[in-house]
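Participant: For reference, the structure I am asking about is given below.
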Amino acid sequence: MTMAAVQIVQLAAVTSSLVLLLLQPVVATMVPPAPAPRARGSVGVTLHVQRHQVLVDNGVVQVSVSKPQGQITGIRYAGEPNLLQFGEGNENSGGYWNVFWNFPGSGHPKASIDMLDSPEFRVVSSSKEQVELSFRSTYDPSSFNSVRLTVDKRLVMLRGSSGFYCYAIMEHADNWPALNITVARLAFKLNTARFNYMAVSDGIQRYMPRAADRDPPRGKPLAYKEAVLLLNPLEPQFRGEVDDKYQYSLDNKDNKVHGWIGGGPVPLGFWVITPSNEFKSGGPLKRELTSHVGPTSLTIFLGPHYVGNDIVTKIDDGEHWKKVMGPVFIYLNSNPSRGSFQALWEDAKAQAETEASKWPYTFLESPDFHKAAQRGSVTGRLLVRDKYVSGVDMPARLAYVGLAAPGAPGSWATESKGYQFWTRASATCGSFAIGNVLAGDYNLYAWVPGILGDYMYAASVTVSAGGAVSLGDLVFEPPRLGPTLWEMGVPDRSAAEFFIPDPNPKYLSKLFLPRDKYRQYGLWDRYADLYPGADPVFTVGVSNYSNDWFFAHVTRKVGGGVGLLYAPTTRRIRFNLGRVVADGTYMLRVALAAAQMSRLQVQVNEATRKGSEGVFNTPEFGDGNAIARHGDHGTWWSFEFPIKGYLLMEGENTISITQVKAFSEFFGVMYDYIRLEGPPGSWRDPTTLLG
């Protein structure tokens, strides 16, 4: 579990006199001496319930929690009196749960925040092997502002474990009024004097500026409050950079461990480990916040970022709903020999793999968290059938295959009420196995990198406790009218393969110069910088989409100052056809990696000059704001536009795409893939031709 290079510093049992002390806020100057180390696990777990707080200690870690509220006020580890930044009376400090919520007619369209302080405390279990604590709150119909949920926050500590587990059971009773949950999260505010290095992935880790650097006059807010230009930070190395928490967001599939490292006499790490994503909304591609300046570390169980209102958890009047959020593991490690930060990061990744291998956990006391024996499995093989690509069915190599609530193809991407279970198909034969599935009724969904479209198995899939469902061979027939005449991009639900410009030097983030350029601030303005006079024209067979097709279809600023306005922009694709089937139908397919308040108009050969037949309009769509939030994708969208053959010409043709809504610099779309197909009769299977 732990690399040899990393030694976990163990704390001895806290003496009876220390147990009676509250963990001091990090602003305290008195630091008790570090206890002598003991062998891990030799102490067992001890619990001390006091008047206003609870202390739980396993000889490695000591955690203090306010009683009965359930706010984590302190974490003592490796001789440090408190790894958290906690201030009495400050609800946004320490470790805490909260929800952003509203209800129809509430008058709070952006949601109210409830800190989920609990009036009820209970010891669920207490032994030398483990302690589990419950902090419970419930809806009070007499209070207008009472969140319409029962929330049972749990904390679990095991013998010898270098950390602790947090989870919550949220429930809406069947006789309660409607409720919308925009965000449900667990947050930790860390010791500002101790932690200054953040790690989110192998490629995203760095020393970080201080929270005070974001405040005027040291920092200057940019186009939105989260993005701040650091003008005069406490450490000069950050001068001229942009700090924005959205730069460090990750997809659910990649969000396994993230956190902070502190230097000093004993380098140590604070990590949030997510052993499973079954309890998170939106499936594997849902992108969410991780860690950011504060220092802050988050787990977002329900959240709208990169998707929008479509993923808000909307619970109706009289609807019963219950969901277990988590658990996540808060892991602590240290290196007394003052070794490299990289060793701490590698150890945290190894621990994340260990936690994932133990899922579903066996030790949780809540009956709402189902153990392995209460779960089932689903297996099968997914094939792709596209006669215009191959004469035989092809394995759906590395397909994302998952089970989610019954719905329509692709509905998993906006689903938040239930659980989701995902895997990757084999890289060779397309076989898949989804294990540890909660009993229930699901649809099976899939999408295949490199293949356009969403797959959904026609019948519902019922999983029973201990059951094994074998679906055999499944065939996905992706959307297709006829042969590909030309295509742009790769259908992988990302805009990363298109042209992403270098940032404006005034707003750069050094970390993202060599990689993930889409995470840079202000790329929406770079379009007008690069194409000041007119929109570019893409010529099929000549242009290269990696160099000549701007990844986001954004607006253009016109005017200036108070009268700043935005104008639509138009992308043109020029292509040649050697032959046209005048009475046939051609199909233009446009797949989008993200959208924000957009409406597309497609014109064939400047059709507006000839009439409306060659003009196509989409409805308004998109609410994910991925352009502003430095994403390469949000919610995936796909449109098809049937084009009558007589609208095309032998020789040169032009298709124009205009994003007509232009009320903000953030309105627009990101491209995933564009393809023009010919009529089905214009293609013959070469394997059937006679010599």
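Counted the way mature numbering (1 follows the signal peptide of the UniProt record, and there is no 0) counts, the sequence shown spans residues -28 to -1, 1 to 663.
Quick reminder that beta carbons are idealized off the backbone N, C-alpha and C, glycines included.
Just so we're clear, the structure is a prediction, and the values are computed from it rather than from any experiment.
Looking at the structure shown, is L55 part of a helix, part of a strand, or coil, going by DSSP?
Facilitator: Coil.
Participant: By DSSP's criteria, E459 is part of a beta bridge. Which residues make up the other side?
Facilitator: E459 is bridged to R647.
Participant: Excluding the 5 residues preceding and the 5 following W608 in the sequence, name in chain order all residues of the same chain whose CB lies nearer than 6 Å to its CB.
Facilitator: These residues qualify, in order along the chain: R465.
Participant: My parser needs the beta strand (DSSP E) runs of 3 or more residues fully inside the region 24 to 109; what are they?
Facilitator: Entirely contained in the region 24 to 109, the beta strand (DSSP E) runs reaching 3 residues are, in chain order, 25 to 29, 33 to 38, 44 to 49, 67 to 74, 84 to 86, 92 to 98 and 102 to 109.
Participant: With C-beta atoms as the reference, is E449 less than 8 Å away from R357?
Facilitator: Going by C-beta atoms, E449 is nearer than 8 Å to R357.
Participant: Does the Cβ of A430 have 16 or more other Cβ atoms within 10 Å, making it buried, or fewer, making it exposed?
Facilitator: It is exposed - the Cβ of A430 has fewer than 16 other Cβ atoms within 10 Å.
Participant: Between the beta-carbon of I176 and the beta-carbon of L483, is there less than 8 Å?
Facilitator: Closer than 8 Å, so yes.
Participant: By Cβ distance, which residues of its chain are closer than 6 Å to Y499, with the 5 residues on each side in sequence left out?
Facilitator: Excluding sequence neighbours, Y499 sits near F522 and V526.
Participant: Below 8 Å CB to CB, which residues in the same chain sit around N625 once its five sequence neighbours on both sides are set aside?
Facilitator: Here the set comprises R546, F547, N548, L549, V576 and N577.
Participant: In the DSSP output, which residue or residues are listed as bridge partners for M428?
Facilitator: The partner list for M428 (beta bridge, DSSP) reads Y417.
Participant: Suppose the cutoff is 6 Å on Cβ atoms and the five residues either side in sequence are ignored; what does the same chain contact list for L457 look like?
Facilitator: Once the five neighbours on either side are set aside, the close Cβ partners of L457 are L648 and G650.
Participant: In this structure, what does DSSP give as the bridge partners for Q631?
Facilitator: In DSSP, Q631 forms a bridge with T541 and L572.
Participant: How would you call E207, buried or exposed, if buried means at least 16 neighbouring beta carbons within 10 angstroms?
Facilitator: When all chains shown are included, E207 counts as exposed.
Participant: Is it true that the region 264 to 272 meets the region 395 to 407, where meeting means three or more beta-carbon pairs spaced less than 8 Å apart?
Facilitator: Flag = no, the region 264 to 272 and the region 395 to 407 do not touch.
Participant: Which two residues bound the contiguous alpha helix (DSSP H) that contains T326?
Facilitator: Where T326 is concerned, the enclosing alpha helix (DSSP H) stretches over F313 to S329.
Participant: Specify, as a first and last residue, the run of the alpha helix (DSSP H) that A397 falls within.
Facilitator: A397 -> no alpha helix (DSSP H), and no H or E assigned at all.
Participant: Residues in its own chain within less than 8 Å of A380 by CB, not counting five upstream and five downstream?
Facilitator: The residues are M428.
Participant: Rounded C-beta distance between A524 and I599? I'm assuming under 8 Å.
Facilitator: So it is a contact: roughly 5 Å between Cβ atoms.
Participant: R182 by DSSP, collapsed to three states: which one?
Facilitator: Here R182 sits in coil by DSSP.
Participant: Mind listing, in chain order, the continuous beta strand (DSSP E) runs of no fewer than 3 residues lying wholly within the region 156 to 220?
Facilitator: Qualifying beta strand (DSSP E) stretches, in chain order: 169 to 171, 177 to 179, 191 to 193 and 200 to 202.
Participant: Tell me whether T45 is buried or exposed, calling it buried when 16 or more other Cβ atoms sit within 10 Å of its Cβ.
Facilitator: Buried, by the Cβ-count rule.
Participant: When you compare only the Cα positions, how much space is there between T18 and E337?
Facilitator: Approximately 17 Å between the Cα atoms of the pair.
Participant: Does DSSP classify P652 as helix, strand or coil?
Facilitator: Reduced to three states, the DSSP call for P652 is helix.
Participant: So, is T285 buried or exposed, given that buried needs 16 or more other C-beta atoms within 10 angstroms?
Facilitator: Buried: at least 16 other Cβ atoms inside 10 Å.
Participant: Between the alpha carbons of V37 and G231, how many angstroms are there, rounded?
Facilitator: Whole-angstrom Cα-Cα distance: 21 Å.
Participant: Are A418 and Q346 touching if we call contact CB-CB under 8 Å?
Facilitator: Not closer than 8 Å, so no.
Participant: Can you tell me which residues form a DSSP beta bridge with W232?
Facilitator: Looking at the DSSP assignment, W232 forms a beta bridge with M170 and F242.
Participant: Would L446 pass as an interface residue toward chain B - the criterion being a Cβ-Cβ separation below 8 Å?
Facilitator: Among the protein chains of the structure shown there is no chain B, as only one such chain exists.
Participant: I need the DSSP call for P5, collapsed to helix, strand or coil.
Facilitator: Here P5 scores only 30 on pLDDT, less than 50, and its place in the model should not be relied on; the value that follows carries that caveat. Of the three classes helix, strand and coil, the one that applies to P5 here is coil, per DSSP.
Participant: Please say whether V447 and V441 have beta carbons closer to each other than 8 Å?
Facilitator: Not a contact, by the Cβ cut-off of 8 Å.
Participant: So R131 and E104 are supposed to be a Cβ contact under 8 Å. How far apart are they, rounded?
Facilitator: Wrong, their Cβ atoms sit about 13 Å apart, outside the cutoff.
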